[in-house]
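Accompanying notes for the structure given below.
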Amino acid sequence: MREITYAQAVREAMSEEMRRNPNIVFFGEDIGVYGGGFGVSLGMLDEFGEDRIIDTPISELAITGCAAGAAMTGLRPIVEIMFSDFITLAMEPLVNQAAKNRFQFGGQASVPMVLRTPGGSGTGGAEQHSQSLEAWVCHVPGLKVVIPSTAYDAKGLLKAAIRDNNPVVFIEQKLLYCTKGVVPEVGDEYLIPLGKADVKRIGKDITIITYGRMVPRCLKVAGQFSKQGIDIEVVDVRTLVPLDKTCLIESAKKTGKVLVVHEACQTGGYGGEIASTVVDSEAFPYLTAPVKRLCGMDVPIPYNRYLEAQIVPTEDKIAEAVMQLQNY
Amino acid sequence: MREITYAQAVREAMSEEMRRNPNIVFFGEDIGVYGGGFGVSLGMLDEFGEDRIIDTPISELAITGCAAGAAMTGLRPIVEIMFSDFITLAMEPLVNQAAKNRFQFGGQASVPMVLRTPGGSGTGGAEQHSQSLEAWVCHVPGLKVVIPSTAYDAKGLLKAAIRDNNPVVFIEQKLLYCTKGVVPEVGDEYLIPLGKADVKRIGKDITIITYGRMVPRCLKVAGQFSKQGIDIEVVDVRTLVPLDKTCLIESAKKTGKVLVVHEACQTGGYGGEIASTVVDSEAFPYLTAPVKRLCGMDVPIPYNRYLEAQIVPTEDKIAEAVMQLQNY
Amino acid sequence: MNMILSKTIHKELYYKMILCRKFEENAAKMFNLGKIHGTTHLCIGEEATGIGVCSVLAKEDYILQTHRGHNQSIGKNMSIKRMMAEFLGKATGYCKGMGGSMHIADFSVGSLGANGIVGGGIPIATGAAFTQRYTKSDSITVCFFGDGATNEGAFHESLNLASVWKLPVLFVCTNNLYGMSTHISKSMNISDISLRATSYGIKGISLDGNDVLSIYRETVKAKEYVLKNGPMLMVLNTYRWTGHSKSDTQEYRTKKEVDEWKEKCPIKRHGEYLLSHMLFSKEDLELMHIQAEQEIRDAVTFAEDSPEPCIENILDDVYAE
Amino acid sequence: MNMILSKTIHKELYYKMILCRKFEENAAKMFNLGKIHGTTHLCIGEEATGIGVCSVLAKEDYILQTHRGHNQSIGKNMSIKRMMAEFLGKATGYCKGMGGSMHIADFSVGSLGANGIVGGGIPIATGAAFTQRYTKSDSITVCFFGDGATNEGAFHESLNLASVWKLPVLFVCTNNLYGMSTHISKSMNISDISLRATSYGIKGISLDGNDVLSIYRETVKAKEYVLKNGPMLMVLNTYRWTGHSKSDTQEYRTKKEVDEWKEKCPIKRHGEYLLSHMLFSKEDLELMHIQAEQEIRDAVTFAEDSPEPCIENILDDVYAE
Ligand SMILES: Cc1ncc(C[n+]2csc(CCOP(=O)(O)OP(=O)(O)O)c2C)c(N)n1
Ligand SMILES: Cc1ncc(C[n+]2csc(CCOP(=O)(O)OP(=O)(O)O)c2C)c(N)n1
Ligand SMILES: [Mg+2]
Ligand SMILES: [Mg+2]
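Protein chains in written order, with the working numbering: chain L, 299 to 626; chain S, 299 to 626; chain D, 209 to 529; chain X, 209 to 529.
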């Protein structure tokens, strides 16, 4: 086994799939020579050429719609939106066209495309370059939504997303791009099916359900608590839609105490979906405390680095929430 | 007291405020002679003239941004987006600009604008003219979100929204436009403060928390159950952001059983926020059953009228959910 | 030096136009009887546009249709049976009753669908044309939209994209002078929409949208042009006789204006041409009318006899396997 | 028949340009020292644009700035102390440390803010100009954006809106030939961006963006023009010397190209003009440099000595009362 970064994992997934299937094309702003806003596609232009690695004008709406149109006519496009904040410009083609075209045309269309975009704060990008908007796309029937937390997951899930026959929104985590993780050797292909959560740490006292960049943070906190004899299970949702309800519910039944953690601001966040799903399930009678949410504060992401760090769930806040559950 | 329709109530609110404050202007597609997609503004052009009732080109992004710019410089614009599905085109100025400008400019700006738009299915408008997208805007700090269910509330809340110094998304309900309700005489001004839920029916056995066009439906079901001796409290959230948590929690403590009902599709809907809020509150120990959600199915809204009617919470489904809670 | 059109083509154009006219008149009737749900947008008066353009196209050429697109559907040889069934929301309709009038699509003849979003099809068209170029096909994509749609950002971004990438797409703007109640003079500061081609360095032309022959001929040339040179903008200037949709009381225009345009009826005009050039006799045309009416009666019967879709299947097409 | 500019204005233009240059060079340094968080976009080489335009404007005239907008800020007489404090995320910064470089705003001098969204300010500008016309003020709004931004739908919709409503807004496109790594030849099929005015029936002009005097003079005329006639598009052709942002390795262009543009330095050019026209002596200019450097040192001290904002106040500005 070897270690690569999360960004490399994304690149490998795209490259392997593009080698395998000539119908995959990749659209995005400055994804060619520049390698994309975060260097994720560096080098791909050299391998695949300008016909397949396609720099676009700054036109998020058109390139997303273009990907949908290409997908409906036989290609399998990947489109990169440089920051997830810019999906605000692409919601029309994503939501009204890509997500609905199969259904509204009575099954005539399929729209196999992947919209990749980095989300999250922590880079000093401030209000318009730091949002976590996954809840929006989770609320659109016809879309699938993935947020990986490790290099291993990023690669396996992206490959599965590219092969999926539906529009998949694949949200990467800026702050994880440089983190390293173990993945199989280059020749050893693997895919991770969409719709399966992953228990990243087995525990019996409390369940933390989380995803994305909060996963390593929760794991760290869990590690600290284990020394105090509190055994935390950490479930990484990975695929937000379709949601692996069984996995979440089983864990909740086991521990009886559930904490949901995400970076996105709390009000209207996907944590509400997760928490409500657990509550209104066969796990309810097992719950020995209210299902708690610990999420980003309901504020735009500030520029100042200290404030920026404090308005999302910190290790301290996670530990505090765990203690509240423990002591409930 | 007199009876007027929900649409008239909206019109009266706008007209009264426009008479009162010359800085209110109204932008929208075909809102002048045509009276807007649903005739809500019929007659306003005659009273206020073309300088204030302003037909726009079909440019949802620009008119929303234009309203934000006008709001930042001293006016109080209302902008109508003909169907809420078209906010997909206006998310950028709404979310990245209007909602954040106060915060990201360190308090220098205020953005007193109201974006009015009709939501919901039931008119045969099919997938792209029927969505209930309130959850998106509820997840954006800086925005307030209102959905009235009666003529009385529509008028009082819209007047308050227009006077509010923040961007307010005011989602009307197509299927309620023609419903009539009692409102005070023309001279008797009233405002309903944003952020206050309304207990539309007092009960002690089960709480239904709902909003918008599901309110009359839930009230009807509640009426039927009262004959069977089941006494349902119906809470109309009215203002989704800021959410009147106290009201919801108090009701939950009283009844111990909570059903959340909305038309929007379930996954990622605002029902998750409401349910989770109730669960993770002092109401938890009083809960004698899981907080249940009954929402629209996770499908695009189909054209066929029978299917269209069945994929949202029907009276039958609401009654069934009530029974499940009752028998839990 | 007009290209000579065969009698078959003349007949096809005329027949499709009357079929479209009668189809819509019928739809309006059924609408008023409450048999059609929702709304519908008639293109009466504009038949020459979609029919003139689409009759040139091969099956492999794609079209993106508008909400006012029955002429485009019929031009592209879609089945009026399945169209009518879709209006009635039946399981045999083009979209299994899920889409209705605003979402008519027939992938088997190259229609990638009508759109309920003004301008919504324009970006999709660039993608379809991208596929055509990527796969080195010699087909093109035709993208229809209205005058009002040219004020949407989607128009701008898509024409720019198509131009930079030299995609084989013909952008066809049906300028009927209004977007709902809004006259173009209130929504743009130019009167010739083809000027908008300038921004993208592409060719733009403006045609009489009620002259089906000129539309047909120019489309033949345009198809060749876009295959070789990339996108082009073709503006067809015409008029919608009826209201925007069922509920429109048309306060925003005069009866006189409408009547003047009715004089320019594209069907009457082509009929007179056929007679004066002695391509067909009055009786020939009369027969076509009878045939068209029969086709419509058959379509209505088919639609009315068809089953409603079942709620049990509602999840089938939300996601593909 | 050039309009004659006073010595004061000549000095102002020169001083602001060197202040901007030094300010950015300093910011880059502080950035490399890790004192500035996030990213920053330098406009070195483009100083003449925002400074030439904004120096014409009154306080009551609004500007909408870009992410590459330090020249616009300085042109509009913003305080470099508070700019620097904002870069460092301090409570004394223009945005109390909440916005950073991409959100610099100073409502007190008419800057309605920089924008992190390419083209994000363009619709806002129409609204500001709407207010000006509605309140019958005789001020205008100037909206800055880059060449890349003209490919966004926001550009199209907003210019159209402004044109139809004849709003007093001057649209200023700083064409530095690139949007990040993408040369305009890859993002549009025209080389003179002012052609895009055609779509909206408005006036468009293209200027040498490194000639601060011509920019100043044309802006004087343009202000008058837009007050009377409605919007106009002014394209300033220039070049960015540095990378797009901190992390840019500039693989997409040659050093030769950059060097050629450095020869056309707007500051050097204006300096030579001042000397050759004997408006100022070498010593005068030298003094200005010294003064600018002192101003910047003061700004840095101010910024570094300022307090960080407190988490306790984080909710204060999410909503207005
Ligand atoms: C994005 C969007 N905005 C508004 C509407 C409402 N609407 C439907 S058709 C129409 C007018 C369209 O005008 P035009 O493009 O000229 O087409 P026409 O109806 O004249 O054929 C409008 C405003 C819509 N469907 N989609
Ligand atoms: C909507 C949006 N898309 C993409 C970006 C990322 N981005 C920031 S600056 C930039 C280039 C902008 O080019 P141009 O408008 O020419 O301005 P310049 O940077 O050259 O001054 C891009 C693509 C963004 N900030 N916003
Ligand atoms: Mg039209
Ligand atoms: Mg540029």
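Cβ atoms here follow ideal geometry from the backbone N, Cα and C, with glycine treated the same way.
All figures in this text were calculated on a predicted structure; none of them were measured in a lab.
When the Cβ atoms of the region 330-346 of chain S are set against those of the region 332-345 of chain D, are three or more pairs found closer than 8 Å? Flag = no, the region 330-346 of chain S and the region 332-345 of chain D do not touch.
If we ignore side chains and look at the alpha-carbon of each, how far apart do X:ILE325 and L:GLN426 end up? 7 Å
Whose C-alpha, out of X:ASN521, X:GLU501, X:PRO515 and X:ASP524, is nearest the C-alpha of X:ASN234? X:GLU501
Helix, strand or coil for D:SER414, going by three-state DSSP, please let me know. strand
Just the Cα atoms here: how many angstroms apart are L:LEU392 and L:MET621? 41 Å
Verify whether the separation of the beta carbon atoms of S:GLN406 and X:PHE315 is less than 7 Å. yes
Residue from L:LEU373, L:ASN602, L:PRO588 and L:GLU606 whose Cα sits closest to the Cα of L:CYS563: Out of L:LEU373, L:ASN602, L:PRO588 and L:GLU606, L:GLU606 has the C-alpha closest to the C-alpha of L:CYS563.
Spatial neighbours of X:THR349 within its chain, please: C-beta separation below 6 Å, excluding the five flanking residues on both sides. Excluding positions up to five away in sequence, the list reads TYR270, ALA333, ALA336, ALA337 and VAL377.
When the Cα of X:LYS476 is compared with those of X:GLU255, X:CYS381, X:LEU523 and X:LEU441, which residue comes out closest? X:LYS476 has its Cα closest to that of X:GLU255, out of X:GLU255, X:CYS381, X:LEU523 and X:LEU441.
Checking contacts by CB at 7 Å: is L:PHE582 closer than that to chain D? no
Tell me which same chain residues have a C-beta within less than 6 Å of the C-beta of X:ASP400, skipping the five on either side of it? SER414
Taking only the alpha-carbon atoms, compute the straight-line gap between S:GLU348 and S:GLY330 and give it to the nearest angstrom. 8 Å
Check whether the Cβ of D:ASN384 lies closer than 6 Å to any heavy atom of ligand 3, and answer yes or no. The closest heavy atom of ligand 3 lies less than 6 Å from the beta carbon of D:ASN384.
Which residues in chain L sit within 8 Å of D:THR358, going by Cβ to Cβ distance? Scanning chain L for C-beta atoms nearer than 8 Å to the C-beta of D:THR358 yields nothing, as the closest lies near 14 Å away.
Say the cut is 6 Å; is the CB of L:MET380 nearer than that to a heavy atom of ligand 2? Under cutoff, so the answer is yes.
Residues of the region 398-419 of chain S in Cβ contact with chain L at a cutoff of 7 Å, in chain order, please. For the region 398-419 of chain S, the beta-carbon criterion of a distance under 7 Å to any beta-carbon of chain L is satisfied by LYS398, PHE401 and GLN402.
Alpha-carbon to alpha-carbon, S:MET595 and L:LYS543: 17 Å
Can you pull the chain D neighbours of L:ASN319, defined as C-beta to C-beta under 7 Å? Those do not exist, as L:ASN319 stays about 13 Å from chain D at its closest Cβ, beyond 7 Å.
From D:LEU523 to D:GLU360, what does the alpha carbon distance come to, in whole angstroms? 33 Å
Helix, strand or coil: which one does DSSP assign to X:THR216? helix
Helix, strand or coil for S:GLY326? Go by DSSP, reduced to three states. DSSP, reduced to helix, strand and coil, places S:GLY326 within a strand of the structure shown.
Proximity test, Cβ basis, 7 Å: S:SER574 and chain L: Taking 7 Å as the CB threshold, S:SER574 lines the interface with chain L.
Tell whether a beta-carbon distance below 7 Å holds between L:HIS437 and L:MET512. no
At which residues does the alpha helix (DSSP H) containing S:GLU301 begin and terminate? First-last for S:GLU301: 300-303, but that is the beta strand (DSSP E), not the alpha helix (DSSP H).
Compare the C-beta of X:TYR460 with all C-beta atoms of chain L and state if any pair is closer than 7 Å. yes
Among D:SER214, D:THR390 and D:ILE312, which has the Cα closest to the Cα of D:ASP456? D:THR390
Assigned secondary structure, S:LYS590 (DSSP; H/G/I helix, E/B strand, else coil): strand
On the DSSP letters alone, give me the boundaries of the alpha helix (DSSP H) that S:GLU618 sits inside. 613-624
From which residue to which residue does the alpha helix (DSSP H) around S:GLN402 run? 399-402
Report yes if the CB atom of S:PRO375 is closer than 7 Å to the CB atom of S:VAL323, and no otherwise. yes
Could you tell me whether any non-hydrogen atom of ligand 1 is closer than 6 Å to the CB of D:ALA357? yes
Starting from D:MET396, find everything on chain X with Cβ-Cβ shorter than 9 Å and list it in chain order. ASN368, SER371, VAL372, SER407, TYR408 and GLY409
In the structure shown, what three-state DSSP assignment does D:LYS284 receive? coil
Which residue comes first and which comes last in the beta strand (DSSP E) that contains L:ASP365? According to the sequence provided, residue 365 of chain L is Ala. The question's Asp does not apply to it. Counting along the chain, L:ALA365 falls outside any beta strand (DSSP E), though it belongs to the alpha helix (DSSP H) covering 358-370.
Using only alpha-carbon positions, find the residue among L:ASN394, L:PRO416 and L:ARG400 that is nearest to D:PRO331. L:ASN394
Verify whether the separation of the beta carbon atoms of L:PHE325 and L:VAL409 is less than 7 Å. no
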